[in-house]
Amino acid sequence: MIMSGDTQTSSYVWRPSSEPHLVTRVAEGLASVLFPPRCLLCGEGTERLALLCERCTQGLPTLDGTRCHRCQEPLPEEGLDLCRACGTRNRGFDLARSLGSYASGWGRLVRALKFDGERAVARLLCARLAAYLTDEEPFGTIGVVTYVPMSRSDRRKRGFNQAHLLAQGIGRRIGISARRLLLKVRETPPQAALPASERRENLRGAFHLIRSGRGKVLLIDDIFTTGSTVEACAHTLKSGGHKEVFVLTVARA
Ligand SMILES: [Zn+2]
Ligand SMILES: [Zn+2]
4 MIMSGDTQTS SYVWRPSSEP HLVTRVAEGL ASVLFPPRCL LCGEGTERLA LLCERCTQGL
64 PTLDGTRCHR CQEPLPEEGL DLCRACGTRN RGFDLARSLG SYASGWGRLV RALKFDGERA
124 VARLLCARLA AYLTDEEPFG TIGVVTYVPM SRSDRRKRGF NQAHLLAQGI GRRIGISARR
184 LLLKVRETPP QAALPASERR ENLRGAFHLI RSGRGKVLLI DDIFTTGSTV EACAHTLKSG
244 GHKEVFVLTV ARA
């Protein structure tokens with residue numbers, strides 16, 4: 004089934020098999036992806052072609068509480084505008100926004116996209132991200148859409164870059180094509196394995212600008228944890244002349 008945890012490898016990557024009935028199994032697999040009989044989040048029966056039931060579709064929660072104006076980090080008390088990170092250093096990005104919390108259904112959708120390669124989930128997330136941009140207009144008029152790149156070997160292992168998929172889908176929906184502006188030129192240990200204090204150091208010099216520019220960039224990623232990754236990307240973009248960098252992710256830690 005789809006939600007089977009973080010460690011599972013991408014299930015859509017085709018691998019040669021000598022087992023019989025491959026065609027049947029592929030057809031069944033495709034049918035279960037294209038026509039999931041149950042809601043991905045709650046397991047209730049859904050309409051044909053619907054990934055989520057009506058209740059879960061409506062019920063995906065937005066971020067609540069008092070939050071940093073720049074990055075949406077929860078703030079310990081009322082009356083503050085910025086979190087400690089945004090108040091004490093230049094984070095590179097101008098604003099960072101997420102649809103919801105990683106601890107909610109948004110996080111489960113990200114995992115389904117990332118670890119199970121669910122294209123239907125990508126479509127759903129792109130639609131919600133694009134709707135957020137057009138309905139709320141959090142960043143004003145965007146000049147170019149781009150994404151957090153993966154290193155070549157990480158991309159080969161996963162078979163796709165989920166941030167690229169999201170940027171392409173969003174770009175199509177808002178009428179601004181996604182462009183590759185950054186390369187990840189250096190392998191880095193997974194950010195999740197490192198304490199927050201080491202994450203920025205881990206990414207130093209990891210990204211390389213391949214197109215300079217002057218406008219407003221929308222930078223897409225799947226999750227915002229400490230923000231170190233988008234911070235490194237935003238600094239790199241600005242070093243190439245890009246004036247403003249706005250970050251949009253599906254989920255936030
Ligand atoms: Zn549901
Ligand atoms: Zn902040």
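Going by this note's numbering, the first residue of the sequence shown is number 4, and it counts up by one from there. Where a beta carbon is used, it is the ideal one built from N, C-alpha and C, also for glycine.
Kindly indicate the opening and closing residues of the alpha helix (DSSP H) around residue i.
i	result
isoleucine 173	165-177
valine 113	108-119
glycine 90	87-91
aspartate 157	155-161
alanine 134	122-139
leucine 206	Neither: leucine 206 is in no alpha helix (DSSP H) and is coded neither H nor E.
alanine 2	Outside the displayed range of the chain (4 to 256) lies residue 2, so it cannot be described from this structure.
Give every residue of the same chain whose Cβ lies closer than 8 Å to the Cβ of residue i, excluding the five residues on either side of it in the sequence, and list them in chain order.
i	result
glutamate 204	none
glycine 143	Lys219
arginine 94	Arg73, Cys74, Ala88, Gly230, Glu234 and Ala237
phenylalanine 210	Pro152, Leu185, Leu186, Lys187, Val188, Ala235, Cys236 and Thr239
serine 215	Gly243, Gly244 and His245
proline 19	For proline 19, the predicted structure reports a pLDDT of 40, less than 50, and the residue's modelled location is therefore unreliable. A value from the coordinates is still provided. No residues qualify anywhere along the chain.
Can you find the residues in the same chain that come closer than 6 Å, C-beta to C-beta, to residue i, ignoring five residues on each side of it along the sequence?
i	result
isoleucine 213	Leu186
alanine 181	Val148, Ala170, Gln171 and Gly174
valine 124	Leu112, Ala115 and Leu116
arginine 100	Pro141 and Leu251
tryptophan 17	At tryptophan 17 the pLDDT is 41, less than 50, meaning the model places this residue with poor confidence; the figure from the coordinates comes in the next sentence. Hits under 6 Å: none found.
valine 253	Leu102, Trp109, Val113, Leu128 and Asp225
glutamine 194	Arg202
tyrosine 150	Ala166, His167, Ala170 and Ile223
serine 154	Lys187 and Glu190
threonine 65	Gly103
threonine 228	Ala256
Take residue i and list the residues in its own chain whose beta-carbon comes closer than 7 Å to its own, dropping the five residues that flank it on each side.
i	result
aspartate 97	Glu247, Val248 and Phe249
isoleucine 5	Residue placement at isoleucine 5 is poorly supported in this model, since its pLDDT is 40, which falls under 50; the coordinates still yield a value, given next. Hits under 7 Å: Leu43, Ala115, Asp119 and Glu121.
arginine 131	Leu102
arginine 41	Glu47, Gly48 and Thr49
cysteine 56	Cys42, Cys45, Glu47 and Thr49
serine 197	A quick correction: the sequence has leucine, not serine, at residue 197. Cβ neighbours of leucine 197 beyond the five flanking positions: Asn205.
leucine 85	Cys71, His72 and Arg73
cysteine 59	Cys42, Leu44, Cys45 and Gly108
Provide the residue span of the beta strand (DSSP E) that contains residue i, from first to last.
i	result
histidine 211	210-212
glycine 62	Counting along the chain, glycine 62 falls outside any beta strand (DSSP E), though it belongs to the alpha helix (DSSP H) covering 57-62.
threonine 252	247-255
threonine 191	No beta strand (DSSP E) contains threonine 191, which DSSP labels as neither H nor E.
serine 101	98-104
valine 148	147-150
phenylalanine 227	219-227
leucine 185	185-187
Could you round the C-beta distance between residue i and residue j to whole angstroms and report it? I think they count as a contact, below 8 Å.
i	j	result
alanine 256	tyrosine 105	5 Å
leucine 240	leucine 184	6 Å
isoleucine 179	alanine 133	Contact doesn't hold; Cβ gap of about 10 Å is too wide.
serine 107	leucine 63	7 Å
Run the proximity test for residue i: is its beta-carbon closer than 8 Å to any non-hydrogen atom belonging to ligand 3?
i	result
glutamate 80	This structure simply doesn't include ligand 3; it includes ligand 1 and ligand 2 instead.
Spell out a yes or no on whether the segment 69-89 and the segment 215-225 are touching, meaning 3 or more CB-CB pairs, one atom from each, closer than 8 Å. Touching, no.
On the three-pair Cβ rule with 8 Å, is the segment 52-72 touching the segment 184-195? Touching, no, given that fewer than three Cβ pairs across the two stretches are closer than 8 Å.
Under 8 Å, with one C-beta from each stretch per pair, do the segment 106-118 and the segment 230-249 reach the 3-pair mark? Judged by Cβ distances under 8 Å, the segment 106-118 makes no contact with the segment 230-249, as fewer than three pairs qualify.
Is the segment 160-172 close to the segment 229-241, with three or more CB pairs under 8 Å? Contact between the segment 160-172 and the segment 229-241 is absent, because fewer than three Cβ pairs lie under 8 Å.
Beta carbon nearer than 6 Å to a non-hydrogen atom of ligand 1: Any residue whose Cβ sits closer than 6 Å to a heavy atom of ligand 1 makes the list: Cys42, Leu44, Cys45, Glu47, Leu55, Cys56, Arg58 and Cys59.
For ligand 2, enumerate in chain order all residues having a CB closer than 6 Å to any of its heavy atoms. The set of residues with a C-beta under 6 Å from any non-hydrogen atom of ligand 2 comprises Cys71, Arg73, Cys74, Glu76, Leu85, Cys86, Ala88 and Cys89, given in chain order.
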